[in-house]
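Worksheet for the structure shown next.
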Amino acid sequence: MFPQTASAHSPLPRTEDGNATLTIGEQSCELPIRRGTEGAPAIDITNLRSRTGYLSFDNGYANTASCESQITYIDGEKGILRYRGIPIEDFESRPNFIEVSWLLLFGRLPNREEYTAFSRELVAHADIDESMKNLFAGFPRTAPPMAILSAMINALSCFHQEFYELDDPSQFEKAAAQIISKVRTLAAFAFRRSNGLPYIYPDRRLPYVVNFLHMMFSNTYEQHLCHDAVADALSLFLILHADHEQNCSTSTVRMVGSSGANLFASCAAGVCALWGPLHGGANVAVIQMLEKMRDGSITPEEYVRLAKDKDSDVRLMGFGHRVYKTFDPRAKMLQRMCDRVLTTLGVTDPLLDLARKLEEIALTDSYFIDHNLYPNVDFYSGIILKAAGIPVNMFTVLFAMGRLPGWIAHWKEQNERPESRIARPHQLYTGNPKTPYVAAEGAR
Ligand code: SDX
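Below you can see the structure in the form of structure tokens.
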């Protein structure tokens with residue numbers, strides 16, 4: 003377990019606020035009610051089974067608080083998202099992904115010395131061990147970048163076994179900086195490998211995002227020039243993806259970390275969870291959906307009709323959210339960023355016009371209104387990535403790059419909590435009753 007790091011908040015006093023009474027037949031029991039600083043209170047069922055013999059059942063954990071956390075707060079009804087209490091809108095005018103990463107990791111904004119030291123760590127550790135190039139060479143050129151990223155984050159740990167145990171806070175900060183810095187190199191090298199291009203090494207003189215685009219798009223004879231508007235847009239993209247409380251991939255990182263698995267293994271698992279089309283993979287699915295409309299395969303109106311049809315397995319990708327029942331605030335900010343970037347670059351993208359038309363149709367349709375389905379973070383994000391020249395199959399990799407500080411912060415928060423225990427849910431068994439073994443005729 004971690005000692006409390008100096009800069010970490012000490013756990014806020016938990017207020018217990020009376021009890022809930024659970025009555026089952028003749029049996030009643032009192033269950034404590036816990037309130038956080040914001041958001042829905044919770045009925046503490048820690049002792050439910052030992053006291054009643056019953057389990058709770060909650061498909062997809064839609065009604066379950068899996069932990070206490072001080073990192074991110076979401077109000078799904080009001081469309082609020084705050085990192086360590088700071089509304090994400092406050093980062094829009096001067097997006098600084100390194101500063102926000104430190105904020106998520108350590109609970110407050112860094113002072114000048116802390117920011118400078120963390121930035122230096124990121125600059126110093128962008129390179130990966132030269133022999134990792136042999137690992138890249140082992141992948142087929144058609145290998146999906148998310149498969150490579152997950153594998154290479156685990157492979158990275160083999161070169162940094164000093165980070166398998168992170169009881170020392172300064173070691174934790176070094177490990178966090180290594181992963182956040184090197185993930186760019188791993189992502190860029192995966193892209194270069196799958197396109198048969200020579201690897202472009204990090205350039206220490208370049209800021210975080212510009213260095214990534216340099217490794218992606220420079221050539222051995224010409225440096226990629228990144229427009230400031232694109233750098234700002236990508237920084238904001240990474241900030242808006244940096245954390246989102248107990249989403250599927252973050253809960254995966256916590257679940258894996260709860261067994262004592264190291265930080266790299268836990269983040270590699272998070273990459274796998276994020277890959278799913280219902281989660282981080284949706285940003286790819288949105289572009290594919292819009293491209294079908296652009297190419298005339300289907301009209302927006304027809305697509306919306308299919309998305310409403312229970313007999314079709316079509317969903318309006320980039321719409322809907324488990325928590326937001328109104329606009330995802332990130333979608334609004336990304337839509338504004340789309341406008342800014344495309345206007346500044348003097349380009350138009352028919353996909354943006356189609357996205358707007360789709361949004362307009364859906365938001366005036368009773369099905370989407372009644373189901374509280376609004377654009378989420380993935381609906382506009384791909385258009386920004388396209389404007390930056392990022393290929394579609396790398397979109398979810400960039401989502402992972404953004405989410406890494408959040409995953410690492412949650413892994414740290416869980417490891418710092420003395421009350422943390424290995425995550426091991428129960429089940430409602432609906433299988434066979436006790437059944438005798440009868441070998442098949444002639445089986446032996
Ligand atoms: C991310 O958790 C996070 O915070 C995730 C994330 C993060 O930052 O980590 O915000 C990132 O994953 C954003 C979501 C990206 N995924 C998509 O855009 C895929 C499309 N959206 C959906 O598949 C869906 O809305 C989910 C997965 C996002 C949420 O699913 P839920 O909460 O389990 O909701 P559900 O599938 O039970 O749907 C509830 C109803 C159903 O209709 P009924 O059977 O009740 O009549 O809403 C319908 C669904 O059919 N519905 C949709 C829909 N989303 C839900 N119908 C059409 N199109 C959709 N997109």
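Residue numbers (this note's numbering): 3 to 446. Glycine is no exception: its CB is placed at the ideal position from the N, C-alpha and C atoms. The model shown is predicted, which means the values in this text are computed figures rather than measured ones.
With a cut-off of 8 Å, the C-beta of V286 is classified as distant from the ligand SDX, since no heavy atom of the ligand falls inside that distance. At least one heavy atom of the ligand SDX is found less than 8 Å from the C-beta of N249.
Beta-bridge annotation (DSSP): I26 is paired with Q29.
In the DSSP annotation of this structure, I300 is not part of any alpha helix (DSSP H), being labelled neither H nor E. In this structure the stretch 233-241 touches the stretch 96-112; the number of beta carbon pairs closer than 8 Å is three or more. In the same chain as A192, and ignoring 5 residues on each side of it, the C-beta atoms closer than 6 Å to its own belong to P147, I150, in chain order. By the Cβ test, the stretch 172-187 is not in contact with the stretch 138-145, since fewer than three Cβ pairs between them sit closer than 8 Å. Comparing alpha-carbon positions, the option among T74, S121, G62 lying closest to T39 turns out to be T74. Taking a 10 Å sphere around the C-beta of T350, we find fewer than 16 other C-beta atoms and assign the residue as exposed.
Between T54 and C69, the gap from beta carbon to beta carbon reaches 9 Å or more. In the pairwise beta carbon analysis, the stretch 374-390 is classified as not touching the stretch 254-274: fewer than three pairs are separated by under 8 Å. A contact between stretches requires three or more CB pairs, one per stretch, nearer than 8 Å, and the stretch 45-63 meets this requirement with the stretch 21-37. Ranked by Cα distance from V316, the options L336, P331, M291 are led by M291. Exclusion of the five residues before and after A178 leaves L107, I410 as the residues of its chain whose Cβ lies within less than 7 Å of its Cβ.
Counting the other Cβ atoms within 10 Å of the Cβ of R195 gives 16 or more, which makes it buried.
For L344, the enclosing alpha helix (DSSP H) has its first and last residue at 331-347.
Distance between A389 and L168, taken at the CA atoms: about 39 Å.
For I155, the enclosing alpha helix (DSSP H) covers residues 147-160. A Cβ-Cβ distance of about 10 Å is found for the pair I181 and A270, leaving them out of contact under the 8 Å criterion.
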